[in-house]
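Undergrad: Counting in this note's numbering, the sequence shown runs from -10 upward without gaps.
Backbone N, C-alpha and C define an ideal beta-carbon position, used for all residues, glycine too.
All values derive from a computational prediction rather than experimental measurement.
Got a structure here, written out as structure tokens. Questions coming.
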Amino acid sequence: MDSGKSTLALQTNHNHAARSRIGRLFTSHDRAGAATLSSRLGLQHEAIEVPPDFDFWKYVVDSLTHGARIDYLVCDEAQFYTRAQVEQLARVVDELQIDVFAFGILTDFRTELFPGSARLVELADRTSVLQVQALCWCGKRATHNARTENGAMVTEGEVIVVGDVELEGEPAPEIGYEVLCRQHHRRKLTAARAKAVSMVPDPLPFD
-10 MDSGKSTLAL QTNHNHAARS RIGRLFTSHD RAGAATLSSR LGLQHEAIEV
40 PPDFDFWKYV VDSLTHGARI DYLVCDEAQF YTRAQVEQLA RVVDELQIDV
90 FAFGILTDFR TELFPGSARL VELADRTSVL QVQALCWCGK RATHNARTEN
140 GAMVTEGEVI VVGDVELEGE PAPEIGYEVL CRQHHRRKLT AARAKAVSMV
190 PDPLPFD
């Protein structure tokens, strides 16, 4: 999170479309709602929603059979795809020679690999770490995604729950997400909790 992956997905689509290539955009569980690929910078584009039973191979083959042209696929929130869907995307690349650009995060709020992300790493021709470095509240590189419920960090619950990013100075969303370094994720020390702890007065130097 906070690495600009959805912005890059939109930029990738723009760059290819500007060269008269025709593609399709896909997403799943986007914060802006179904069938929308959105960036926290405010950019968004209509996309095809990917439920668990969506078949990429069937969609592409049916489209080509009916005369459509598809040069590439941009797949955002790919961590939410199933292992089978990732295998379908690999088949699209290998057998139809269509480019697939997949964007997603590796691990969930429990620090465990998403099944779709794991299969992507196993099958991808290449993987790239985005150059925009997400930062923990302490200034260190953020490597873990934390989920909060009413401001408190949690490490149990459903894997896929859509929420918003915790923003300083604004009320905590019911379900929120925050990027943390490993140290503060292990300690469950979010920015809000760290601020609260820092405001506790030091004990007086006598009994």
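Okay, do the stretch 11 to 25 and the stretch 62 to 70 touch, 3+ Cβ pairs below 8 Å being the bar?
TA: Flag = yes, the stretch 11 to 25 and the stretch 62 to 70 touch.
Undergrad: Would you please state the rounded distance, in angstroms, between the beta carbons of V168 and C125? I believe it to be under 8 Å.
TA: The Cβ separation is near 6 Å, so the contact holds.
Undergrad: Label F(-7) either buried or exposed according to how many other C-beta atoms from any shown protein chain fall within 10 Å of its C-beta, with 16 as the threshold for buried.
TA: In the sequence under discussion, the amino acid at residue -7 is Gly, which differs from the Phe named in the question. It is buried - the Cβ of G(-7) has at least 16 other Cβ atoms within 10 Å.
Undergrad: Could you tell me which of S106, V82 and T1 sits nearest to F45, measuring between CA atoms?
TA: Looking at the Cα atoms, V82 is the closest of the given residues.
Undergrad: Could you tell me the alpha carbon to alpha carbon distance between K129 and E84, rounded to whole angstroms?
TA: So the two alpha carbons sit approximately 43 Å from each other.
Undergrad: What do you get for T116, buried or exposed, if any count of 16 or more other CB atoms within 10 angstroms of its CB means buried?
TA: Exposed, since its Cβ has fewer than 16 Cβ neighbours within 10 Å.
Undergrad: Helix, strand or coil for H173 per DSSP?
TA: In this structure, H173 counts as helix in the three-state DSSP scheme.
Undergrad: Considering only C-alpha positions, which residue in the set Q86, P40 and I149 is nearest to R214?
TA: Not covered by the structure: residue 214. The range shown for the chain is -10 to 196.
Undergrad: Comparing C-alpha positions only, which one of H173, A21 and E38 sits nearest to L30?
TA: That would be A21, whose Cα lies nearest to the Cα of L30.
Undergrad: Closest to E163 by CA distance: which of F103, K47, L112 and R136 is it?
TA: If we check each option's Cα against that of E163, R136 comes out closest.
Undergrad: Do you know offhand how far E111's Cα is from A183's?
TA: Using only the alpha carbons, I get a separation of about 37 Å.
Undergrad: Could you tell me if R108 is buried or exposed, where buried requires 16 or more neighbouring beta carbons within 10 angstroms of its beta carbon?
TA: Buried.
Undergrad: Beta-carbon within less than 7 Å of A185's beta-carbon, same chain only, minus the 5 sequence neighbours each way: which residues are those?
TA: Cβ neighbours of A185 beyond the five flanking positions: none.
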